[in-house]
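Participant:
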Amino acid sequence: MSVEATIGGTSVVAAEPASNLRGREVRARIMSVVLFLGTIVALVALGVLLWTVIARGWDWIRPGLFTDPPSRRPENSGVGPAILGTFYVILLTAAFAFPVGILGAIYLEEYAPQNWWTRLLRINISNLAGVPSIVYGLLGLGIFVEFFGFGRSLIAGGLALGLLILPIVIIASQEALRAVPPSLREAGYGLGATKWQVTRSHVLPAAMPGILTGTILALSTGIGETAPLLVTGAASFLTSNPDSIFDRYSVLPVLIYGWSSRPQAEFQELAAAAIMIMLAVLLVLNLTAIVLRRRVSRRLRW
Amino acid sequence: MLTRTTTVGTGNPADVAAPSGTGRRATHRLSAPGTDDSVAVAIRDLNAYYGSFHAVGDVAFDVPKNEITALIGPSGCGKSTVLRCINRMNDLVPGARIEGTIQYRGQNLNARKVDAVEVRRRIGMVFQKPNPFPKSIYENVVWGAKINGIKGNYDELVERCLRQAALWDEVKDKLKESGLALSGGQQQRLCIARAIATNPDVILMDEPASALDPISTLKIEELMRELERQYTIVIVTHNMQQAARVSDQTVFFSLGEKRMGVLVEASPTRELFTNPRDQRTEDYITGRFG
Ligand SMILES: Nc1ncnc2c1ncn2[C@@H]1O[C@H](COP(=O)(O)OP(=O)(O)OP(=O)(O)O)[C@@H](O)[C@H]1O
Ligand SMILES: [Mg+2]
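So the protein sequences, as listed, match chains A and B.
Just so you know, we're using my numbering here: the first sequence kicks off at 6 and counts up by one.
Just so you know, we're using my numbering here: the second sequence kicks off at 273 and counts up by one.
1) In the DSSP assignment, what are the bridge partners of B/HIS326?
2) Straight-line CA distance for B/TYR410 to B/LEU447?
3) B/THR470 to B/VAL398, Cα distance in whole Å?
4) Which residues of the segment 399-426 of chain B have a Cβ closer than 8 angstroms to any Cβ of chain A? Give them in chain order.
5) What do you get for A/ILE295, buried or exposed, if any count of 16 or more other CB atoms within 10 angstroms of its CB means buried?
6) Can you tell me which of A/LEU189, A/ARG124, A/GLN179 and A/VAL94 puts its alpha carbon nearest to the alpha carbon of A/ALA161?
7) Going along the chain, which unbroken runs of the alpha helix (DSSP H) with 4 or more residues stay wholly within the segment 444-521 of chain B?
8) Whole-angstrom Cβ separation of A/PHE101 and A/GLY163, contact assumed at under 8 angstroms?
9) Assess contact between the segment 530-537 of chain B and the segment 358-372 of chain B, defined as three or more Cβ pairs (one per stretch) separated by less than 8 angstroms. Is contact present?
10) Is it the case that the CB of B/TYR322 approaches a heavy atom of ligand 1 more closely than 7 angstroms?
11) Distance check for A/ILE130 and B/ASN403, CA to CA, integer angstroms please.
12) Hey, does B/ARG392 have any beta-carbon neighbour from chain E nearer than 8 angstroms?
13) Report back the beta-carbon spacing between A/THR199 and B/VAL389 to the nearest angstrom; my notes put them in contact at under 8 angstroms.
14) Kindly say whether B/LEU381, judged by its beta-carbon, lies nearer than 8 angstroms to any beta-carbon of chain A.
15) Regarding B/THR353 and ligand 1, is the C-beta to nearest heavy atom distance less than 7 angstroms?
16) Any heavy atom of ligand 1 closer than 7 angstroms to the Cβ of B/ALA481?
17) Work out the CA separation of A/GLU114 and A/TRP121 for me, nearest whole Å.
18) A/TRP201: buried (16+ other C-beta within 10 angstroms of its C-beta) or exposed?
19) Closer than 8 angstroms between beta carbons: that is the criterion. Which residues of the segment 218-237 of chain A meet it against chain B?
20) Pull up the distance between the alpha-carbon of B/PRO336 and that of B/SER310, whole angstroms please.
21) B/VAL389 CB to nearest chain A CB: under 8 angstroms?
22) Should B/VAL508 be listed as close to ligand 2, given that the test is whether its C-beta is under 7 angstroms from any heavy atom?
23) Can you tell me whether DSSP reads A/ARG127 as helix, strand or coil?
24) Who are the near neighbours of B/LEU484 in its chain, counting only those whose CB is closer than 8 angstroms to its CB and skipping five residues on each side?
25) Confirm the yes/no value for this check: CB of B/GLY533, any heavy atom of ligand 1, distance under 7 angstroms.
26) Closest Cβ-Cβ distance between B/LEU439 and chain A: below 8 angstroms?
27) Below 8 angstroms on the Cβ atoms is my guess for A/THR226 versus A/GLY142; work out the distance and round it to an integer in Å.
28) Give the straight-line distance between the Cα atoms of B/ASN338 and B/PHE524, rounded to the nearest whole angstrom.
29) With a threshold of 7 angstroms (Cβ to nearest heavy atom), would B/GLY350 be considered close to ligand 1?
30) Determine the chain B residues that contact A/TYR194 at a beta-carbon separation under 7 angstroms, and present them in chain order.
31) Can you check whether the C-beta of B/ARG466 is within less than 8 angstroms of a C-beta belonging to chain A?
32) Taking only the alpha-carbon atoms, compute the straight-line gap between A/GLY62 and A/ASN291 and give it to the nearest angstrom.
33) Check the DSSP bridge columns for B/GLY533 and list the partner residues they point to.
34) Decide if A/VAL38 is buried, meaning its Cβ has at least 16 other Cβ atoms within 10 Å, or exposed.
35) Assuming B/LEU355 and B/ASP473 form a contact by the criterion Cβ under 8 angstroms, report the distance between their Cβ atoms to the nearest whole angstrom.
36) Determine whether the beta carbon atoms of A/SER178 and A/GLY147 lie at a separation below 8 angstroms.
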């Protein structure tokens, strides 16, 4: 403001940019109010949602809820097998999508020649990210359940979810690889390193925080999907824990879906309690992403 | 040593550019590549293309062993391109194509069967912008040695290379700290130490001091003078005082037709700056250029 005053006071010519400056300041202020309102709307919506869920489900939270299997009597029902199933599915999905996605991204970014064929490949991967999840469920049913004969099992569900998030993992990893400065690669090549040495020692570590964040975000959206898991064998009412990856299983979203479609009010409230648990699982997953990201980037000495 | 360098391309293309068909014999005035022990790298008929753009045309000169060769010339005349041809860094540029021969230890480095990775192990590079790895100073130095299969006491290697790069005293107490936590000039010296650690024959430097302050620049220049006893150095610089100060031979490039880079004159540095053979060289070094 003081700058304005001195400029405005010294000459007529300078007064023009000063008023221009004021106009810009006003616009900047309006913009920040609009953005603030947008944030408020999002926060309020989220708050209302959380509040209704907590209000309905809070009374049903008890230690047994986390360990007991579901039951016909709501007061004895729990989400034990579903939590375990969710956990296993996350592990299997990650074990499949993470290495395959990273290798695919490394190939596309570092090794593949830049021609129409790889461009086509890239566009198709982006399109795959937009395919409805039920399609991946049916794909999983066809390939893993039937063709490979895994049956309706944990492994089939995990792999189907893996396919679902694979395009997102590839795209996120490609972005992260592309963000690695070319000078880092040149430094490696200039010392007589092979492409693989440069990629493994410099490019991949530098891209890893971005890759991890993208992958875990993809995982946490993937784990909320019910359709592919329903088709590949997730049961909404399963009273035993899975013993092996070829067993039938249950997961939280499917259980929530099952409970909330029951007529009794008690099960509706149980569903709300399960949603709280589901949100906690997602929170843990995202916290893991942050912690991993921190640890991996600390190993880099930027 | 200085007298051996020949002038090439001084308005008489027949001196160097072997017309296709006559083979290498026409380049004899520049000494047949591979026959002279005091020549580290002999470049003949070098043409470089980026896609359809002919960036460098018919370049030929010798890089004498254990001397410093400076490449100078206006921006865009292909100095970096020529430099990057020498250790096949241009292979990494999509669409780049190189013709001609780059003779090194009796081999044409530009031949398809020659492994570019192997070339870069012998011919190291320091870049314009310091680019240490985001690792510790220690790891920065040893990484190249490790991947090159150099065994032995890495602590000693680190100390020797950092001493040679005139950096040891400044960093000896913080070898575990990030290479990126150093100043720009220190980073560049770290990059030089890193290049030395792989035990190369030739070190290429593309404007290694252009991002540095005068004191750091002076340090790098002193360093090059030190290094030339053990290594052959080729440096690109925009700073003509620098070329005059540090180099033994200077190669002057200029822009020809269609913005193609051509070699105008390659002479002993003192000669090129005091008694240039070509009018274009004179115009450039006296500042009458463009
Ligand atoms: N990767 C590339 N793709 C396409 N053209 C390029 C590429 N690199 C360089 N060129 C072109 O080749 C010519 C020579 O470039 P080069 O970088 O070798 O010049 P230079 O002499 O090093 O210039 P400067 O002094 O500005 O660094 C320029 O016309 C440039 O535009
Ligand atoms: Mg250049």
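For every residue, glycine included, the Cβ atom is placed at its ideal position computed from N, Cα and C.
Facilitator: Straight from the coordinates:
1) B/TYR321
2) 5 angstroms
3) 13 angstroms
4) PHE399, LYS401, ASN403, PRO404, PHE405, PRO406, LYS407, SER408, TRP415, GLY416, ILE419 and ASN420
5) exposed
6) A/VAL94
7) 456-469, 486-499 and 512-518
8) 7 angstroms
9) no
10) yes
11) 33 angstroms
12) Looking at the structure shown, chain E is missing, and the protein chains on hand are A and B.
13) 5 angstroms
14) no
15) yes
16) no
17) 14 angstroms
18) exposed
19) none
20) 6 angstroms
21) yes
22) yes
23) helix
24) GLY456, GLY457, GLN460 and ILE492
25) yes
26) no
27) Not a contact, Cβ separation roughly 15 angstroms.
28) 20 angstroms
29) yes
30) MET361, LEU364 and ARG392
31) yes
32) 23 angstroms
33) B/VAL328 and B/LEU527
34) exposed
35) That pair is no contact at about 15 angstroms.
36) no
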